[in-house]
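Have a look at the structure below before the remarks.
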Amino acid sequence: MPNLNKVRTTASGGPGGNPAAPSLSRLRTALTLFFALDGFIFAGWVVRIPAIKEQTSASASALGLALLGVSAGAVITMTLTGRLCGRFGSFRVTVVCAALLSLSIALPPLTHSPLALGLVLLVFGALYGGISVAMNSAAVDVVAALRRPVMPSFHAAFSLGGMVGAGLGGLVAGGLSPLVHLSLLTLVGLLLTVAAGPTLLRESRTLTPVTPSTPGTDDRTQEADRTERADRKGSRRVVALFGIIALCTAYGEGAIADWGPLHLQEDLGAHPGTAAAGYSLFALAMTVGRFSGTTLLERLGQTRTLALGGATAAVGMLLGSLAPTLWLALLGFAVTGLGLANIFPVAISRAGELAGPGGVAAASTLGYGGMLLGPPAIGFLADWLSLPTALTTVAVLAAGASCLGLLARSAHPVSHSGGSGGRITAD
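The numbers in the working numbering rise by one with no breaks, and the one at position 11 of the sequence shown is 162.
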């Protein structure tokens, strides 16, 4: 990897030093906290799904339909968030969505039917989708400023937040009702937003947003314009390809998050606390994998990182879903987490390099759509077949992501105004 591996910035700085570096460091830290908050809140919901399922007297298929409310809300919002980020700024949209998401997490325990649950999850999903696109769009700008492939570190924070949220959720599952537990998450989320939001907004003013190059300047020939339009059309196709890669892997994240604890509890006889710890272990493995993601990308390149990650996740999920004992299943979850760790952040980052915030929004819509559509799909398959068999679809899609990563080998980003001035190679 060339220039992007060297720490530089698009923020102002004198020739004798880099006075903008402390500002970028504070900005990166604040944005990292919001990624962690997103994972923490989502995991808090995940570990209480068994209790909410019992509270609403929902069957597996009814719960799957209710979870579809998250999917619908998120996908609808993701298609609009890119425009909101363009108008108001990705960092501002991140702060607003974080506050509203924190409030929405307290809604599911107030429901007592699958229909009511689905409606409140529609709201939760809308805000979850909004903050996901806004944070990733903001992260693309920070990555461009730092000129290093640090996107996995932001997603590592999401996984770390998920691990902590799941771990704490497992500890309090037997002592606190879902209402009390999730209301406490609301308080934590609002406090963090108030603490980190001002720093995020203040320091983001030093950045030049990444925007795709635009055709049609007066000094270009018609042939140059046609070439530019062809390049942009090709970029859209490659953005869609990376969006599908993100979808394949995010499907696995959503499936393990929502159905992994139920699989461990109902199929392998795990204690509720142990079942919740299964997702925590998965999140821990993803966290470790993502913290090492920048090093992997610098040493292996993006193609090998995508291909090896998908293959590893496929093997791990076959073990996690079909293992006859609890401990082997937990091992499979951990291997799956390591495999999936860097595929999603690489795919989203590449989409941003190719097409700016619009590329992030498009790939995120597909990617998080996979995360949120996976759980209801697993629910229907579990009713028709069995939950372990349904979970093997995670392995199939992970293998597919590995193959698609090889197809994306030749993709290169378009030039961006105010961008990094460099290019991330596929290998």
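Quick reminder that beta carbons are idealized off the backbone N, C-alpha and C, glycines included.
Under 6 angstroms Cβ to Cβ from residue i, same chain only, skipping five residues before and after it: list those, please.
i, result
"A559", "L392"
"S472", "P539, L542 and T543"
"V486", "G467"
"A492", "M437, G440 and R441"
"P260", "P329, L330 and L333"
Would DSSP call residue i helix, strand or coil?
i, result
"I407", "helix"
"L327", "coil"
"L538", "helix"
"A225", "helix"
"T454", "helix"
"P423", "helix"
"A209", "coil"
"N154", "Because N154 carries a pLDDT of 39, less than 50, the predicted location of this residue cannot be relied on, and the following value inherits that uncertainty. Helix, per DSSP."
"A480", "helix"
"L358", "coil"
"L475", "Checking the displayed sequence, the identity of residue 475 turns out to be Pro instead of Leu. Three-state DSSP puts P475 in coil, outside helix and strand."
"T378", "Note that T378 scores a pLDDT of 45, beneath 50, so its modelled location is shaky and nothing firm can be said."
"V301", "coil"
"A162", "Reliability fails at A162, whose pLDDT of 45 lies under 50, so the model's placement of it is uncertain and the value that follows must be treated cautiously. A162 falls in the coil class under three-state DSSP."
"A528", "helix"
"I395", "helix"
"A285", "helix"
"R371", "Bear in mind that a pLDDT of 45 at R371, under 50, signals an unreliable position, so the model cannot answer this."
"R199", "coil"
"I256", "coil"
"S264", "coil"
Within its chain, find whatever has a CB closer than 7 angstroms to the CB of residue i; leave out the 5 residues flanking it on each side and keep chain order.
i, result
"L352", "F242, R243 and V246"
"S515", "M229, S283, V284, N287 and I499"
"C248", "L278, G281, I282 and A285"
"L258", "V271, V274 and F275"
"D534", "A211 and S212"
Do residue i and residue j have their C-beta atoms closer together than 8 angstroms?
i, j, result
"T207", "P265", "yes"
"W410", "P526", "yes"
"G276", "V331", "no"
"L268", "A324", "no"
"P329", "A202", "yes"
"I290", "F305", "Position check: residue 290 holds Ala in this sequence, whereas Ile was assumed. Cβ distance < 8 angstroms, so A290 and F305 count as in contact."
"I200", "L252", "no"
"L254", "T350", "no"
"A194", "G320", "yes"
"M522", "A401", "yes"
"L581", "G429", "Given that the chain is displayed from residue 152 to residue 578, the structure contains no residue 581 and the question cannot be resolved."
"G403", "A549", "yes"
"A610", "V390", "Limits of the chain in this structure are 152 at one end and 578 at the other, which puts residue 610 out of reach."
"G224", "G530", "no"
"L178", "E354", "yes"
"L343", "L532", "no"
"G483", "L470", "yes"
"L477", "A434", "no"
Just the Cα atoms here: how many angstroms apart are residue i and residue j?
i, j, result
"V158", "H263", "Only weak support is given to the placement of V158: the predicted model assigns it a pLDDT of 36, under 50, and the question is left unresolved by the model."
"F186", "A347", "12 angstroms"
"L451", "V345", "39 angstroms"
"L479", "G318", "20 angstroms"
"L448", "V439", "14 angstroms"
"G461", "W196", "27 angstroms"
"L481", "R356", "44 angstroms"
"I494", "G488", "11 angstroms"
"A175", "L182", "The identity of residue 175 in the sequence shown is Leu, whereas the question assumes Ala. Whole-angstrom Cα-Cα distance: 10 angstroms."
"R387", "L419", "44 angstroms"
"R234", "P496", "21 angstroms"
"E417", "G424", "13 angstroms"
"R501", "V226", "20 angstroms"
"A518", "A546", "Reading off the sequence, residue 518 comes out as Gly, not Ala. Computed Cα separation, rounded: 16 angstroms."
"T463", "I396", "15 angstroms"
"L398", "A406", "12 angstroms"
"A513", "L219", "20 angstroms"
"L327", "L432", "22 angstroms"
"G509", "L536", "39 angstroms"
"G394", "G316", "27 angstroms"
"G237", "P475", "50 angstroms"
"T445", "A209", "42 angstroms"
"S443", "T180", "17 angstroms"
"A307", "V511", "18 angstroms"
Might you give, ordered along the chain, the residues of its own chain that have their beta carbon closer than 8 angstroms to the beta carbon of residue i, omitting 5 neighbours on each side?
i, result
"L96", "The chain is shown only over 152 to 578; residue 96 falls outside these bounds and no answer can be derived."
"D189", "A249, L252, Y279, I282, S283, M286, F309 and G312"
"I256", "I192, G195, W196, F275, L333, L336, T337 and G340"
At a Cβ threshold of 8 angstroms, is residue i touching chain C?
i, result
"C248", "No chain C is present in this structure, which holds just one protein chain."
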